[in-house]
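Numbering (our numbering), first residue to last: -7 to 235.
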Amino acid sequence: GKHVLIEKPIGLNAVQARDIATRAKAAGVFAAEAMWSFFLPKFDVIRQVLDAGTLGTVTTVLAEYGEHFERSHRIFDPALAGGPLLDLGTYPLALITEVLGTPERLSAIGQPHESGVNAQLSAIMEFPGGSQAVINTQVHNFSPAAATIVGSEATLTIDGPFNMPGGFEIRFPDGTRLRHSEPAGGHFEGLHYEAAAVARAIAAGKTEIPQRPLASSIRTMEVADEIRRQLGIEFPGEGIAPA
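Structure, rendered in structure tokens:
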């Protein structure tokens, strides 16, 4: 009977995500995935840019995220659902599905790590209307964590790391550039936006939040499940096969 804000990803797979949504609805309580990046001010502006059609028809989304970890880190533990997909890859995958929805076709390749987890994966996706997306996520070393949304009228490039506080730029074919500037920062400089938004939603009697509706979380997990299915990635103790 308690309201919950669940650390991303919302579950190991889409089945677990749907179960959370069903139980929260039955109990009449608030539930949301703590995809904190989507609560940053810049993502509110990006949504407005997309809704206004400033980019035209979105044709391409490119997003990647890699980091370096000490060998003792939990990300290398198969028993803890290790590997980059759910820990790092959930950020670019959430962005892709937020902008383009559910892919019609997906093809993934992966690279194993000596620890037994996945070390790196990439996937290309095709969406209704022909739009495409490319994702890469890995635990070899730090990457720019870049993200670009290409449209028929303009291209939006988010400063890396794209999932943290910072700005973005819109570039038009004639060379015109529009800059949205925000102070750069790390995780701890941005979490308060999420906390405040959730507090306001609960105080208003809402059971979901527009920045990350449960349906969006489920959609992202469905795509992650398909990537795992193609690569044969299973998590010990998952209890159920990927959807």
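Using N, Cα and C, we set each Cβ at its ideal position, and we do this for glycine too.
Nothing here was measured: the structure is a model prediction, and the numbers come from that model.
- Assigned with DSSP and collapsed to three states, H172 falls in strand.
- With a beta-carbon spacing of about 7 angstroms, P84 and A139 fall inside the 8 angstroms limit used to define contacts.
- The stretch 29 to 63 is shown to contain whole beta strand (DSSP E) runs of 3 or more residues at 50 to 58, in chain order.
- Restricting attention to beta strand (DSSP E) runs no shorter than 3 residues, the stretch 98 to 154 encloses them at 110 to 118, 124 to 130, 139 to 143 and 147 to 150, ordered along the chain.
- When the beta-carbon positions are compared, P76 and V131 come within less than 9 angstroms of each other.
- By the 16-neighbour rule on beta-carbons within 10 angstroms, A189 is buried.
- The C-alpha of K17 lies about 8 angstroms from the C-alpha of T199.
- Under the three-state reduction of DSSP, E200 is assigned to coil, being neither helix nor strand.
- By the neighbour-count criterion, in which a residue is buried when 16 or more other Cβ atoms sit within 10 angstroms of its Cβ, N133 is exposed.
- Per DSSP, the unbroken beta strand (DSSP E) holding E(-1) starts and ends at V(-4) to E(-1).
- For the pair V50 and H(-5), the Cα-to-Cα distance works out to about 36 angstroms.
- DSSP, reduced to helix, strand and coil, places E186 within a helical segment of the structure shown.
- In the structure shown, I12 adopts helical secondary structure according to DSSP, grouped into three states.
- With a 10 Å radius around the Cβ and a threshold of 16 neighbouring Cβ atoms, A13 comes out buried.
- Out of S144, H184 and P153, the CA that lies nearest to the CA of P136 is found in P153.
- Below 8 angstroms, too few C-beta pairs join the stretch 32 to 49 and the stretch 95 to 109 to call them touching: fewer than three.
- For F160, the beta-bridge partners assigned by DSSP are I150 and H172.
- For the options N5, E145, M213 and E90, the alpha carbon positioned closest to that of R169 is the one of E145.
- Between G177 and T129 a beta carbon distance of about 22 angstroms is seen, past the 8 angstroms cut, so the two are scored as non-contacting.
- Judged by their CB atoms, I101 and A55 are not nearer to each other than the 9 angstroms cut-off.
- For A216, the uninterrupted alpha helix (DSSP H) run begins and ends at L206 to L223, by DSSP.
- Per DSSP, E25 is one residue of the beta strand (DSSP E) stretching across A23 to A26.
- Just measuring C-alpha positions, the residue of V91, F61, P95 and E96 sitting nearest D79 is F61.
- Cβ-Cβ distances below 6 angstroms link A71 to P228 in the same chain, with the five nearest sequence neighbours on each side left out; the list follows chain order.
- By the C-beta density criterion, A187 is exposed, having fewer than 16 other C-beta atoms within 10 angstroms.
- Secondary structure note for P84: its alpha helix (DSSP H) is the uninterrupted segment T82 to L92.
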